Amino acid sequence: MSKVLFLDIDGVLNSDLWNDSHREEISDGTLIDEGKIKLLAGLVKETDSEIILHSGWRFWFDTELKPLCTQANKLVELLEKENLHISGVTPDLTTEEIRKTKKFSLVKANEILLWINLHNSVTEWVVLDDLDLHSAQISRHQVKTDQTIGLTLENVKQAVKILSGNK
5 MSKVLFLDID GVLNSDLWND SHREEISDGT LIDEGKIKLL AGLVKETDSE
55 IILHSGWRFW FDTELKPLCT QANKLVELLE KENLHISGVT PDLTTEEIRK
105 TKKFSLVKAN EILLWINLHN SVTEWVVLDD LDLHSAQISR HQVKTDQTIG
155 LTLENVKQAV KILSGNK
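Counted from 1, the sequence shown has number 8 at position 4 by the working numbering; the numbering is strictly sequential.
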(Lines of atoms letter the chains of each structure in order from A; the text may use other names.)
(Lines give C-alpha, C1' and ligand atoms only; values in the text may rest on other atoms or scores of the structure.)
Protein backbone atom coordinates (compact mmCIF):
# COMPACT_ATOMS: atom_id res chain seq x y z
CA MET A 5 0.00 0.00 0.00
CA SER A 6 1.63 3.22 -1.03
CA LYS A 7 -1.15 5.67 -1.90
CA VAL A 8 -3.99 6.16 0.55
CA LEU A 9 -7.27 8.03 0.31
CA PHE A 10 -8.83 8.89 3.68
CA LEU A 11 -12.55 9.02 2.99
CA ASP A 12 -15.26 10.86 4.87
CA ILE A 13 -18.82 10.09 3.74
CA ASP A 14 -21.21 12.89 4.73
CA GLY A 15 -20.50 15.99 2.66
CA VAL A 16 -18.35 13.94 0.25
CA LEU A 17 -20.44 11.05 -1.08
CA ASN A 18 -23.65 12.91 -0.31
CA SER A 19 -24.50 16.57 0.12
CA ASP A 20 -26.99 18.91 1.70
CA LEU A 21 -28.26 19.87 -1.76
CA TRP A 22 -28.82 16.25 -2.76
CA ASN A 23 -30.22 15.47 0.69
CA ASP A 24 -32.88 18.17 0.40
CA SER A 25 -34.43 16.47 -2.62
CA HIS A 26 -34.16 12.93 -1.24
CA ARG A 27 -35.82 13.15 2.20
CA GLU A 28 -37.14 9.60 2.23
CA GLU A 29 -33.69 8.13 1.69
CA ILE A 30 -32.20 10.31 4.43
CA SER A 31 -34.72 9.06 6.95
CA ASP A 32 -33.71 5.44 6.41
CA GLY A 33 -30.01 6.33 6.57
CA THR A 34 -28.95 4.82 3.26
CA LEU A 35 -28.17 8.09 1.55
CA ILE A 36 -25.25 7.86 -0.85
CA ASP A 37 -25.10 9.64 -4.19
CA GLU A 38 -24.11 7.05 -6.82
CA GLY A 39 -22.66 9.80 -9.02
CA LYS A 40 -20.21 10.63 -6.22
CA ILE A 41 -19.24 6.94 -6.00
CA LYS A 42 -18.42 7.01 -9.74
CA LEU A 43 -16.21 10.09 -9.21
CA LEU A 44 -14.49 8.32 -6.31
CA ALA A 45 -13.96 5.23 -8.47
CA GLY A 46 -12.25 7.32 -11.14
CA LEU A 47 -9.94 8.80 -8.53
CA VAL A 48 -9.04 5.45 -6.96
CA LYS A 49 -8.42 3.80 -10.33
CA GLU A 50 -6.35 6.67 -11.72
CA THR A 51 -4.12 6.85 -8.63
CA ASP A 52 -4.17 3.16 -7.63
CA SER A 53 -4.96 4.19 -4.07
CA GLU A 54 -6.47 2.33 -1.12
CA ILE A 55 -9.58 3.62 0.69
CA ILE A 56 -9.30 4.13 4.43
CA LEU A 57 -12.56 5.18 6.06
CA HIS A 58 -12.15 8.05 8.52
CA SER A 59 -15.83 8.92 8.67
CA GLY A 60 -18.12 8.26 11.61
CA TRP A 61 -19.52 5.59 9.30
CA ARG A 62 -16.49 3.45 10.28
CA PHE A 63 -18.31 2.51 13.49
CA TRP A 64 -20.89 0.71 11.34
CA PHE A 65 -18.31 -1.96 10.42
CA ASP A 66 -16.88 -4.80 12.49
CA THR A 67 -13.14 -5.45 12.91
CA GLU A 68 -13.13 -7.44 9.64
CA LEU A 69 -14.81 -4.50 7.82
CA LYS A 70 -18.10 -6.35 7.48
CA PRO A 71 -21.16 -4.05 7.55
CA LEU A 72 -23.12 -3.97 10.81
CA CYS A 73 -26.15 -2.01 9.57
CA THR A 74 -28.20 -1.08 6.52
CA GLN A 75 -26.24 2.12 5.85
CA ALA A 76 -22.87 0.36 5.83
CA ASN A 77 -24.23 -2.48 3.72
CA LYS A 78 -25.57 -0.01 1.14
CA LEU A 79 -22.18 1.76 1.03
CA VAL A 80 -20.36 -1.53 0.45
CA GLU A 81 -22.81 -2.53 -2.31
CA LEU A 82 -22.35 0.78 -4.12
CA LEU A 83 -18.56 0.61 -3.80
CA GLU A 84 -18.52 -2.98 -5.07
CA LYS A 85 -20.50 -1.94 -8.17
CA GLU A 86 -17.43 0.14 -9.07
CA ASN A 87 -14.95 -2.58 -7.98
CA LEU A 88 -13.98 -0.57 -4.90
CA HIS A 89 -13.58 -1.70 -1.31
CA ILE A 90 -12.62 -0.25 2.04
CA SER A 91 -9.12 -1.38 3.04
CA GLY A 92 -9.21 -0.13 6.61
CA VAL A 93 -10.43 2.45 9.10
CA THR A 94 -8.73 5.08 11.22
CA PRO A 95 -8.46 4.51 14.98
CA ASP A 96 -10.98 6.07 17.34
CA LEU A 97 -9.54 8.85 19.50
CA THR A 98 -12.88 10.38 20.46
CA THR A 99 -13.81 11.07 24.05
CA GLU A 100 -17.24 11.01 25.62
CA GLU A 101 -17.32 14.83 25.43
CA ILE A 102 -16.48 14.82 21.70
CA ARG A 103 -19.14 12.20 21.01
CA LYS A 104 -21.69 14.16 23.05
CA THR A 105 -20.96 17.47 21.29
CA LYS A 106 -20.36 15.81 17.89
CA LYS A 107 -17.11 17.76 17.42
CA PHE A 108 -15.36 14.90 15.64
CA SER A 109 -13.29 17.32 13.54
CA LEU A 110 -11.20 17.97 16.68
CA VAL A 111 -9.69 14.46 16.58
CA LYS A 112 -9.95 13.41 12.93
CA ALA A 113 -6.51 14.83 12.06
CA ASN A 114 -4.85 12.94 14.92
CA GLU A 115 -6.66 9.75 13.94
CA ILE A 116 -5.37 10.06 10.36
CA LEU A 117 -1.81 10.88 11.45
CA LEU A 118 -1.81 7.96 13.90
CA TRP A 119 -2.99 5.61 11.14
CA ILE A 120 -0.18 6.86 8.85
CA ASN A 121 2.40 6.37 11.64
CA LEU A 122 1.20 2.80 12.11
CA HIS A 123 1.48 2.05 8.37
CA ASN A 124 4.95 3.08 7.23
CA SER A 125 4.41 1.91 3.62
CA VAL A 126 2.37 5.04 2.83
CA THR A 127 4.12 7.23 0.25
CA GLU A 128 1.33 9.64 -0.72
CA TRP A 129 -2.03 10.34 0.87
CA VAL A 130 -5.07 12.56 0.51
CA VAL A 131 -7.98 13.37 2.79
CA LEU A 132 -11.47 13.89 1.37
CA ASP A 133 -13.57 15.69 3.97
CA ASP A 134 -15.97 18.64 4.13
CA LEU A 135 -14.77 19.72 7.60
CA ASP A 136 -11.80 21.82 8.66
CA LEU A 137 -9.61 19.30 10.48
CA HIS A 138 -7.58 21.87 12.46
CA SER A 139 -4.15 20.71 11.31
CA ALA A 140 -1.59 22.39 9.05
CA GLN A 141 -0.08 19.01 8.22
CA ILE A 142 -3.46 17.60 7.17
CA SER A 143 -4.51 20.73 5.26
CA ARG A 144 -1.63 20.22 2.79
CA HIS A 145 -3.14 16.82 1.95
CA GLN A 146 -6.84 17.67 2.22
CA VAL A 147 -9.34 18.20 -0.52
CA LYS A 148 -12.10 20.04 1.31
CA THR A 149 -15.43 19.35 -0.34
CA ASP A 150 -18.40 21.67 -0.14
CA GLN A 151 -21.05 19.92 1.98
CA THR A 152 -23.80 21.45 -0.14
CA ILE A 153 -22.41 19.80 -3.28
CA GLY A 154 -20.23 16.86 -2.20
CA LEU A 155 -17.38 15.45 -4.29
CA THR A 156 -16.86 17.16 -7.66
CA LEU A 157 -14.68 16.51 -10.70
CA GLU A 158 -12.56 19.51 -9.64
CA ASN A 159 -12.04 17.87 -6.19
CA VAL A 160 -10.98 14.65 -7.93
CA LYS A 161 -8.42 16.53 -10.06
CA GLN A 162 -7.02 18.19 -6.92
CA ALA A 163 -6.79 14.80 -5.16
CA VAL A 164 -5.01 13.23 -8.15
CA LYS A 165 -2.48 16.07 -8.00
CA ILE A 166 -1.87 15.49 -4.27
CA LEU A 167 -1.54 11.71 -4.71
CA SER A 168 0.94 12.35 -7.53
CA GLY A 169 3.16 14.24 -5.09
CA ASN A 170 2.29 17.69 -6.50
CA LYS A 171 0.90 19.48 -3.46
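Every residue gets a Cβ at the ideal spot worked out from N, C-alpha and C, and that includes glycine.
Note that the structure is a prediction, hence the values are computed from the model and not measured.
- L44 sits in a helix when the DSSP states are folded into three classes.
- Note on geometry: alpha-carbon atoms of T74 and H138 lie some 31 angstroms from one another.
- The DSSP assignment places complete alpha helix (DSSP H) segments of no fewer than 4 residues inside the segment 71 to 134 at 74 to 85, 100 to 105, 109 to 122, in order along the chain.
- S91 and E54 do touch by the CB rule: their CB atoms are close to 4 angstroms apart, below 8 angstroms.
- Under DSSP, Q146 forms a beta bridge with V131.
- Beyond the five residues adjoining it in sequence on each side, V160 comes within less than 7 angstroms, by CB distance, of L43, G46, L47 in the same chain, given in chain order.
- Listed in chain order, the non-local C-beta contacts of G169 below 7 angstroms within the same chain comprise E128, local neighbours out to five positions each way being set aside.
- DSSP, read as helix, strand or coil, puts G154 in strand.
- In the structure shown, V16 falls within a coil segment according to DSSP collapsed to helix, strand and coil.
- Listed in chain order, the non-local C-beta contacts of V80 below 8 angstroms within the same chain comprise P71, H89, I90, local neighbours out to five positions each way being set aside.
- CA-to-CA, the gap between G154 and N124 works out to about 30 angstroms.
- Residue pairing of L9 in beta bridges, as defined by DSSP: I55, V130.
- Counting C-beta atoms within 10 angstroms of its own C-beta, A140 has fewer than 16 neighbours from the protein chains shown and is therefore classed as exposed.
- T94 counts as buried, since no fewer than 16 other beta carbons sit within 10 angstroms of its beta carbon.
- Under the DSSP definition of a beta bridge, F65 partners with P71.
- Here DSSP, grouped into helix, strand and coil, assigns L167 to helix.
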